[in-house]
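Residue numbers (the working numbering): 1 to 258.
Just so it is clear, CB atoms sit at the ideal spot from N, CA and C, and this is done for glycine as well.
All remarks here apply to the structure that follows.
The structure is reproduced here in structure tokens:
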């Protein structure tokens, strides 16, 4: 998409008017009025909505998009999360934070589209406003890198579907507090899990929970390389039990100094 300032030059090169170049609809009309500095009047007369602003946003500067948003109707009108997702990549974070609190926050699935563009404080607020029922683990995982630890902990404990798979737990591990991850592991791991899952979780779990996971949920037989990878995170007692299990294997794990 060319910058809006290039449109007159492009029309001149092609030998056509800007009207012919842009067509005849609300979005093209808005562009024409931006070029002539009369967008304020046009937006009021045509009752331009956020969907039209989103259509022209790719050829505008962020400050121009912000200027259009500041002229949107105030008061009772509220924006949907879907509308805000369309405009989010083209506006600065402060402006987006300011208007997102007017959003209709019903569709939780669309929050993942907004998450990369909002400040952590505003996303935390939006999530807590939206989550009045259970949400699937995919949504929680998509939001995890952008939320504060406190809000993610709350989301996992209060709003996430009760049963999640081991892969989901592993994906959330870097973003959760140790207490919440410990709780999630103990709630979810009611079946045997592979040694690769346990190894991936090891740096983020408390020693007590990792000991429990190794003793109760991990596949019975593990190789010496797995023991070596887990050694820095296990208690001496559990590590000793793992060593005993691998004693008859041909390769002795190198676990010094553990």
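- In the DSSP assignment, residue 188 falls within the alpha helix (DSSP H) that extends over 178-188.
- Assignment of beta-bridge partners to residue 160 by DSSP yields 135.
- Restricting attention to 231, 115 and 60, the CA atom closest to the CA of residue 82 is found in 115.
- In this structure, 137 is the residue among 137, 143, 192 and 179 with its C-alpha nearest to the C-alpha of residue 169.
- Cβ contact annotation for residue 148 (same chain, cutoff 6 Å, sequence separation greater than five): 120 and 124, in chain order.
- The three-state reading of DSSP puts residue 43 in helix, counting H, G and I together.
- For the alpha helix (DSSP H) assignment, the uninterrupted runs of no fewer than 4 residues enclosed by the stretch 9-70 are, from N- to C-terminal side, 18-22, 26-36, 39-46, 50-56 and 62-70.
- Considering only 216, 144, 67 and 94, the residue with the shortest C-alpha distance to residue 193 is 216.
- For residue 113, the enclosing alpha helix (DSSP H) starts and ends at 111-114.
- Taking C-beta atoms as the reference points, residue 185 and residue 201 count as a pair closer than 8 Å.
- Counting every other CB atom within 10 Å of its CB across the protein chains shown gives residue 130 a total of 16 or more, marking it as buried.
- Excluding five sequence positions before and after residue 65, the CB atoms of its chain that fall closer than 6 Å to its own CB belong to 57, 90 and 91, given in chain order.
- One thing to note: residue 60 has its Cβ no nearer than 8 Å to the Cβ of residue 48.
- Contact check for residue 172 against residue 198 fails: the beta carbons are separated by 8 Å or more.
- Take the alpha-carbon of residue 109 and the one of residue 139: they are about 6 Å apart.
- The beta carbons of residue 117 and residue 93 sit about 7 Å from each other, so the pair counts as a contact at 8 Å.
- Each residue's CA atom was taken as its position, placing residue 153 and residue 180 some 6 Å apart.
- Partner residues in the beta bridge of residue 193, as assigned by DSSP, are 218.
- With a 10 Å radius around the Cβ and a threshold of 16 neighbouring Cβ atoms, residue 144 comes out buried.
- Nearest in C-alpha terms to residue 196, of all of 212, 163, 175 and 230, is 230.
- Sequence-distant Cβ neighbours of residue 151 in its own chain, meaning closer than 7 Å and more than five residues away, are 124, 127 and 128.
- In the three-state reduction of the DSSP assignment, residue 3 falls in the coil class, being assigned neither a helical nor a strand state.
- Within a 10 Å sphere around the beta-carbon of residue 191 sit fewer than 16 other beta-carbons, which makes this residue exposed.
- The three-state secondary structure of residue 140, taken from DSSP, is helix.
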